[in-house]
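Engineer: I have a structure here, written as structure tokens, and I will follow up with some questions on it.
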Amino acid sequence: MTHNYSWFQAARKAVSSWTHGELFRATAIHKKTGKRFEMPVSNLDSPYLDRALRQCELGDLKAAAVYLRTAFEEMLKLFVEQRKLKAIYNSDLNADADEWCKFIID
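So the sequence shown is residues 205 to 310, counted in the working numbering.
Following this line, the structure appears as structure tokens:
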């Protein structure tokens with residue numbers, strides 16, 4: 205078990221036989237009383253889109269947005285790798301949509 209996320213990611217990639225997942229605190233809302241309470245949540249290697257949906261259900265929209273973005277980035281990387289494209293990524297949030305990501309075909 206580690207609390208260092210970088211180490212977790214490195215170990216997860218290096219040792220495929222381990223069971224790995226994330227355990228974190230989530231805030232949920234009781235359906236009957238409407239009161240908020242905290243509960244542990246585990247994501248044992250579930251896909252990022254599933255994690256995003258789960259966070260939406262728990263009412264944690266910020267976490268859902270992070271998982272949704274990560275799912276999109278994962279899909280984009282796979283798309284680029286499968287088609288052997290080179291991609292130029294612009295992290296400037298004010299950039300035009302055409303300037304956000306470009307693909308170069310050799």
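We treat Cβ as the ideally placed atom computed from N, Cα and C, and that holds for glycine.
Skipping 5 residues on each side, what residues in its chain have a beta carbon closer than 7 Å to that of residue 268?
Structural biologist: In the sequence shown, residue 268 corresponds to position 64, counting from 1. Contacts found: 256, 259, 260.
Engineer: What distance in whole Å lies between the Cβ atoms of residue 271 and residue 252, which are believed to be in contact at a cut-off of 8 Å?
Structural biologist: On the sequence shown, position 48 is the one that residue 252 refers to. On the sequence shown, position 67 is the one that residue 271 refers to. So it is a contact: roughly 5 Å between Cβ atoms.
Engineer: Just confirm the distance between the C-beta atoms of residue 275 and residue 284, as a whole number of angstroms; I'd bet it's less than 8 Å.
Structural biologist: Translated into the one-based positions of the sequence shown, residue 275 becomes position 71. Translated into the one-based positions of the sequence shown, residue 284 becomes position 80. Between residue 284 and residue 275 the Cβ distance is about 15 Å, and since that is not below 8 Å, they are no contact.
Engineer: Tell me the rounded alpha-carbon separation between residue 238 and residue 266.
Structural biologist: Here the question's residue 238 lines up with position 34 in the sequence shown. Here the question's residue 266 lines up with position 62 in the sequence shown. For residue 238 and residue 266, the distance between alpha carbons rounds to 20 Å.
Engineer: Among residues of its own chain, excluding the 5 on either side of residue 240, which ones have a beta-carbon nearer than 6 Å to its beta-carbon?
Structural biologist: If you number the sequence shown from 1, residue 240 lands on position 36. The residues are 231, 233.
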